[in-house]
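Numbering (full-length UniProt numbering), first residue to last: 1 to 92. Report on one structure; see the data block that follows.
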């Protein structure tokens, strides 16, 4: 992970904190949250070059949502683990 510690990033990802990161010239945002009906939702959004929700899972707990997210080919056909060394953690 560029500009950050991967272990700290993963801890924040697991806890559902809002994270912004860049891979292959694209800016991504991910977060997990509990809806009013107590259903946990985890989502990945593309922020640049356009804004759209790329992936969302609900009804799983944060651990299961996180594990599924990490193993989905959401980043140009690659999983998070395949791109993490080339991913820049940004705050803005």
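Ideal Cβ placement from N, Cα and C applies to all residues, glycine included. Every value quoted in this text rests on a predicted model; they were computed, and no experiment measured them.
What does DSSP give as the partner residues of residue i in its beta bridges?
i	result
residue 43	31 and 56
residue 22	27 and 88
residue 75	78
residue 83	Beta-bridge pairing links residue 83 to no other residue.
Give the C-beta separation of residue i and residue j to the nearest angstrom, bearing in mind that I take them to be a contact with Cβ-Cβ under 8 Å.
i	j	result
residue 91	residue 2	13 Å between Cβ atoms; not a contact.
residue 33	residue 16	6 Å
residue 57	residue 68	6 Å
Return the chain-ordered list of same chain residues with a C-beta closer than 7 Å to the C-beta of residue i, the five sequence neighbours on each side being excluded.
i	result
residue 12	19
residue 54	44, 45, 46 and 74
residue 65	32, 40, 42 and 57
Looking at the structure shown, is residue i part of a helix, part of a strand, or coil, going by DSSP?
i	result
residue 48	strand
residue 12	helix
Cβ contact (3+ pairs, closer than 8 Å) linking the stretch 18-35 and the stretch 44-51: Proximity of the stretch 18-35 to the stretch 44-51 meets the contact definition, three or more beta-carbon pairs being nearer than 8 Å.
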